[in-house]
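Colleague:
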Amino acid sequence: MVFLNNPRVFDFYAKVKSFGISIVHSNSTSEKARLLSWDASFKLIKEAPLLGYGIGDANDVLIKKYNELNYTYNLENKYNAHNQFLQTFLQTGIIGVMVLCGIFVVLAIRMRRSRNEFSVFLILLISLVFESMLVRFNGVVFFSIVMPLLLKKRSILSSRIIRNNLVAS
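For what it's worth, the working numbering labels the leading residue of the sequence shown as 1365, then goes sequentially.
#1: Grab me the residues of Leu1515's own chain with a C-beta within less than 8 Å of its C-beta, minus the 5 sequence neighbours each way, in chain order.
#2: Over the uninterrupted alpha helix (DSSP H) stretch that includes Asn1480, give me the two end residues.
#3: Between the alpha carbons of Leu1471 and Lys1396, how many angstroms are there, rounded?
#4: If you reduce the DSSP assignment to three classes, tell me which class Lys1442 lands in.
#5: Look at the alpha carbon of Val1425 and the alpha carbon of Phe1453, and state the distance between them as a whole number of angstroms.
#6: Nearest by alpha-carbon distance to Ala1404: which of Tyr1437, Val1504, Phe1485, Gly1420 is it?
#7: Can the beta-carbon of Asn1444 be found less than 8 Å from the beta-carbon of Asn1423?
#8: Can you tell me whether Tyr1437 is helix, strand or coil according to DSSP?
#9: Alpha helix (DSSP H) containing Met1475: first to last residue?
#10: State yes or no: is the C-beta of His1446 within less than 8 Å of the C-beta of Phe1494?
#11: Is it buried or exposed, Val1499, if we count other Cβ atoms within 10 angstroms and call 16 or more buried?
Below is the structure:
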């Protein structure tokens, strides 16, 4: 009951209902801005699905699309796609998204044996849906999490500590 009466939750659903309407607001919520970013990204992906727009040009094209669609809040803040999969699709096209998804398939196969590591994997996967982590800090955070998981030989998070007990004689 407390969750549903939260004004931010109610405000989110009210803005989702009016998603397609272009209204200039003096302020906006992060949810609305993110949905508009995703909308513009999907429209751009439809225009260049095979090769994308290039790593350096994808954000410029996205900003032009914000201007064309009259998404002024996103335009003023020069938002990226706010979704790593969409951002990769915009930058490199279908090939880049397939490579990124391939990395996550390999991770899922390797992490399925350890509940702790699989939890880290799921958190990382979910966070990529809501943020372009390879754009943020040049991908340092993303690679500092993914590379140890890919390079490991045995479980990192669930290894047992073996203690030798000395028996008194």
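Every residue, glycine too, gets a C-beta built ideally from N, C-alpha and C. Here the structure is a predicted model, which is why all the values come from computation and not from measurement.
Modeller: By the coordinates alone:
#1: None.
#2: 1479-1494
#3: Each residue's Cα considered, the two are about 31 Å apart.
#4: Lys1442: coil per DSSP, three-state reduction.
#5: 13 Å
#6: Comparing Cα-Cα distances from Ala1404 to each of Tyr1437, Val1504, Phe1485, Gly1420, the minimum goes to Tyr1437.
#7: In terms of Cβ geometry, Asn1444 and Asn1423 form a close pair [threshold 8 Å].
#8: helix
#9: 1448-1475
#10: yes
#11: buried
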